[in-house]
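Notes follow once the structure below has been shown.
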Amino acid sequence: MFENFQLEMVGSIILFIALVAAFIAYTFFMYRRTNPPVSGTLRKFLVFMRGLVFLIIIFILFEPLLSLTWTNVRKPIIAVLTDTSASMDLTDAKGKRSEQARSLLQKSFLNKNGNDRITEFYKFSDDLSPLDSPADSLQFTADGTDISAALQQLNERMDEKYLAGVVLVTDGIFNIGENPARYAEDMDVPIYPVGIGDPQEQKDIVISRVLTNQVTYANNRVPVDITVKATGFKDRKVPLQLLKDGKVLDTQYIELTDDALETKARMHYVPVTPGNQKYSLQIPMLAGELTARNNTKNFYTKVLKDKMKILVISGSPSYDLAFAKRNLKSDENVETTYFTLKNRNAFYEGQFPSNADQLKIYDAIILIDFPRRNFPAYVINQVADYMKEGNKSLMVIGSQELHYPALEPLSGYLPIQLRVFPINEQLVSFQLTPNGLQHPLMRLSENEIENQTLWRDLPPIYYTFRRVDPVSGSETLLEVDKQRTLIRGAAESLPLIVARKMNQQKSLFLTGYGIWRWDFLMTGIGNESKSFSKFLSNCVRWLVTREDSKLVRIHPDKEIYRSGEKVTFTAEVYYEDYRPRDGATVKVRISGKSNVDEVELSNIGNGKYEGEFQVLEGGDYRYEGQAFANDQLLGEDSGRFSMEEFSLEFLETKMNEALLQQIAYKSGGTYFTPANIEDLKAELNFQQRSTELTRQWELWNKLVLLILIIVLLSIEWFIRKKKGML
Numbered sequence: 016m017f018e019n020f021q022l023e024m025v026g027s028i029i030l031f032i033a034l035v036a037a038f039i040a041y042t043f044f045m046y047r048r049t050n051p052p053v054s055g056t057l058r059k060f061l062v063f064m065r066g067l068v069f070l071i072i073i074f075i076l077f078e079p080l081l082s083l084t085w086t087n088v089r090k091p092i093i094a095v096l097t098d099t100s101a102s103m104d105l106t107d108a109k110g111k112r113s114e115q116a117r118s119l120l121q122k123s124f125l126n127k128n129g130n131d132r133i134t135e136f137y138k139f140s141d142d143l144s145p146l147d148s149p150a151d152s153l154q155f156t157a158d159g160t161d162i163s164a165a166l167q168q169l170n171e172r173m174d175e176k177y178l179a180g181v182v183l184v185t186d187g188i189f190n191i192g193e194n195p196a197r198y199a200e201d202m203d204v205p206i207y208p209v210g211i212g213d214p215q216e217q218k219d220i221v222i223s224r225v226l227t228n229q230v231t232y233a234n235n236r237v238p239v240d241i242t243v244k245a246t247g248f249k250d251r252k253v254p255l256q257l258l259k260d261g262k263v264l265d266t267q268y269i270e271l272t273d274d275a276l277e278t279k280a281r282m283h284y285v286p287v288t289p290g291n292q293k294y295s296l297q298i299p300m301l302a303g304e305l306t307a308r309n310n311t312k313n314f315y316t317k318v319l320k321d322k323m324k325i326l327v328i329s330g331s332p333s334y335d336l337a338f339a340k341r342n343l344k345s346d347e348n349v350e351t352t353y354f355t356l357k358n359r360n361a362f363y364e365g366q367f368p369s370n371a372d373q374l375k376i377y378d379a380i381i382l383i384d385f386p387r388r389n390f391p392a393y394v395i396n397q398v399a400d401y402m403k404e405g406n407k408s409l410m411v412i413g414s415q416e417l418h419y420p421a422l423e424p425l426s427g428y429l430p431i432q433l434r435v436f437p438i439n440e441q442l443v444s445f446q447l448t449p450n451g452l453q454h455p456l457m458r459l460s461e462n463e464i465e466n467q468t469l470w471r472d473l474p475p476i477y478y479t480f481r482r483v484d485p486v487s488g489s490e491t492l493l494e495v496d497k498q499r500t501l502i503r504g505a506a507e508s509l510p511l512i513v514a515r516k517m518n519q520q521k522s523l524f525l526t527g528y529g530i531w532r533w534d535f536l537m538t539g540i541g542n543e544s545k546s547f548s549k550f551l552s553n554c555v556r557w558l559v560t561r562e563d564s565k566l567v568r569i570h571p572d573k574e575i576y577r578s579g580e581k582v583t584f585t586a587e588v589y590y591e592d593y594r595p596r597d598g599a600t601v602k603v604r605i606s607g608k609s610n611v612d613e614v615e616l617s618n619i620g621n622g623k624y625e626g627e628f629q630v631l632e633g634g635d636y637r638y639e640g641q642a643f644a645n646d647q648l649l650g651e652d653s654g655r656f657s658m659e660e661f662s663l664e665f666l667e668t669k670m671n672e673a674l675l676q677q678i679a680y681k682s683g684g685t686y687f688t689p690a691n692i693e694d695l696k697a698e699l700n701f702q703q704r705s706t707e708l709t710r711q712w713e714l715w716n717k718l719v720l721l722i723l724i725i726v727l728l729s730i731e732w733f734i735r736k737k738k739g740m741l
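Okay, structure coming up:
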């Protein structure tokens, strides 16, 4: 209800009244006689209309402002937030935490709603939601607690409301998000934490951390570093077991140290089967221990086939061969076979395989300075038959003696045309192309600037062409730097490294040679020669890794996640000719042990799509994705990923009393426990908040006034015209 209103004008109110009176008198004077005469009723109507027009005009000129004032009374709102994470279901020296929380929520002073206040109930773990059902139905099972997010979401919900206080029912164990004490200080609302649980260290053993290789090779001995935290079991020896599918792979007895100190151990396992393999670490539950749910921790390892088998065929002993052999030998995951041509019919290493079937064991073939003139033709023919398998890869490193016409049987697989234009040998500097900047094969460092520096610092290599033509579908990754190298009559671009990818088959061509200089000369000037080794390693792994030829490819950014970690999905969508396709709708359906969710990915350009999904429950998940355009299915993909089953909730098990006291202090509230909860009643005696509200309207600049003036004058003119009045 409005309690006060006020009308203000720019000029004097006396002048306003005087002008109104004068114009009304003038209107009466105008219509005291009319020609021709009209009825008195019509004259009064015309006087009214003309007077109203004058009144509106004067009203506008004085710019009136109407102010209305009223009082708004708001009831205080008390928000009760209950932590429903799994740690709230533990039983310690103070009793079962979940039962204490349920009992507290049934207190009559908390459930009081009336004319003086409103109480709203919420539950939270990693997210905040209203609590509409009775406290008895609460389930304390969530894996992860984010108190800051809960307070922030509450603040957003109460944006236009009078939030007077917050009752926070929790054990204070937060394991996601920022420190809630920082947010509580800026919230400007008193928070009353109620600490549920025992603040003393609990008798408990926790496998707190596991560090091992996420990716390894079969038949390699892999170390696992384990950190165990124990309280209440000083000087006890307990068995720590490493298991796979229930079978014990390794056992080690560890001695538990002083309370709350960490004990470290190292174990080993040897993976045999390629693929994603799941392993478990386990300590048996001891008498008096709080919970056994943190005595087990699972981890996952992606196991690759034991060795990448590479066949190297060279036209003669050379520096490039020698330095390549030395660096490949140092890579324990590469198994290399060499055949070096001795003369037209013999190799230094012995008899070359008699048929192409014997080459199928190799993942890729590297030709160095091969073939030369007078080469054994059957070798190239066997390599061509090897490439016909469709899932094999080839790399060629050139030389001054390389006989390009002899590569004709391989022309359909190479990234360059074999019609070349040679010139005299010379040293050339080089630079990464835009494609090379992004290509994993050319990544000597993960830092983009450092990567470019490493390539720029490498010494020049030899080059013998004035023109090289890449084939359609290939990429030039490294080219001659013409600002630092002079080649007369050369084409615009002179490729040094060209790559081609066709479905699951790849090929790579180094038109330059003398790459041994990247090792030897860098060492000679006192620099590290790791760039050469890294480049060879990148080449081998890029050649061996098979590409998916589907038009729609969907995959998570990792295959194994820590508990509570966000899963990021990436999709690639292509046209039939493998051009990137934008504008599609990509949806991914995720199925877990107890629920099914769906996420739609956002188009980020160049045929790529991304989206995030928050998973907290440990276990194995399956995803199925589909891409659509204009309601037409473009393709689909599916796969699996795993979430560690170890719960964040059991890394710490004692009630975090210090944090809850800090939240209370910084927010201006008070810390309580179930023992003194009745004292909370007096703290919640908030007064209603009265706010005086004022609203103002400028009455003079309204379009309706102009329209009214036009309408009134039009009606007056119409009447005068119809009556023939002068």
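Numbering (our numbering), first residue to last: 16 to 741. Just so you know, even glycine gets a beta-carbon here, dropped at the ideal spot from N, CA and C. Nothing here was measured: the structure is a model prediction, and the numbers come from that model.
Spatial neighbours of residue i within its chain, please: CB distance less than 8 Å, with the 5 preceding and 5 following residues excluded, ordered by chain position.
i      : result
Tyr589 : Leu566, Val567, Pro595, Arg596 and Gly622
Glu350 : Lys322, Met323, Lys324 and Ile325
Lys279 : Asp240, Ile241, Thr242 and Val243
Within 10 angstroms of the Cβ of residue i, are there 16 or more other Cβ atoms? Answer buried if so, exposed if not.
i      : result
Arg47  : exposed
Met16  : No answer about Met16 holds up, because its pLDDT of 48 lies below 50 and its placement is not dependable.
Ala164 : buried
Ile730 : exposed
Ala690 : exposed
Met45  : exposed
Gly557 : Reading off the sequence shown, one finds Trp at residue 557, where the question assumed Gly. Label assigned to Trp557: buried.
Trp470 : buried
Gln217 : buried
Leu22  : exposed
Quick one, which of the options has its alpha-carbon nearest residue i's?
i      : options                           : result
His570 : Asn450, Arg710, Ile605 and Thr688 : Ile605
Pro510 : Met202, Asp635, Ile722 and Arg482 : Arg482
Gly634 : Glu574, Asp400 and Ser682         : Glu574
Ser295 : Lys602, Gln366, Leu258 and Asn439 : Leu258
Leu649 : Glu667, Tyr638 and Thr600         : Thr600
Ser102 : Val435, Asp484, Lys320 and Phe155 : Phe155
Gln168 : Phe665, Met202, Asp186 and Val611 : Met202
Phe390 : Thr468, Ile381 and Leu422         : Leu422
Ala337 : Asn194, Gly488, Gln215 and Trp531 : Trp531
Gln467 : Asp484, Gly247, Leu447 and Lys344 : Leu447
Can you grab the Cα-Cα spacing for the pair residue i / residue j, in whole Å?
i      : j      : result
Leu708 : Thr84  : 6 Å
Tyr636 : Glu171 : 33 Å
Asn1   : Thr316 : A query on residue 1 cannot be resolved here, the shown segment of the chain reaching from 16 to 741 and no further.
Val411 : Ser223 : 49 Å
Leu727 : Arg710 : 30 Å
Gly159 : Thr231 : 30 Å
Gln415 : Val318 : 41 Å
Glu613 : Met658 : 17 Å
Ile734 : Ser82  : 38 Å
Gly413 : Leu525 : 6 Å
Thr227 : Val237 : 8 Å
Lys262 : Gln292 : 13 Å
Phe656 : Leu166 : 32 Å
If contacts are defined as beta-carbon pairs under 8 Å, then residue i and residue j qualify, I think. What distance do you get, rounded to the angstrom?
i      : j      : result
Leu119 : Val184 : 6 Å
Ile92  : Tyr177 : 6 Å
Ile211 : Gln115 : 5 Å
Tyr477 : Leu442 : 6 Å
Met402 : Leu425 : 7 Å
In chain order, what residues of the same chain lie with their CB nearer than 7 Å to the CB of residue i, ignoring the 5 residues before and after it?
i      : result
Lys138 : Thr97, Thr99, Ser144, Leu146 and Leu153
Gly620 : Asp597
Phe354 : Ile328, Phe362, Glu364 and Phe367
Ile75  : Trp715 and Leu720
Skipping 5 residues on each side, what residues in its chain have a beta carbon closer than 6 Å to that of residue i?
i      : result
Lys681 : Ala196, Ala199 and Glu200
Lys252 : Tyr268 and Glu270
Arg499 : Ser444
Asp652 : Val567, Arg568, Ile569 and Gly640
Glu490 : Asn450 and Ala514
Asn309 : Val221 and Phe665
Gly330 : Leu356, Asp384, Phe385 and Arg387
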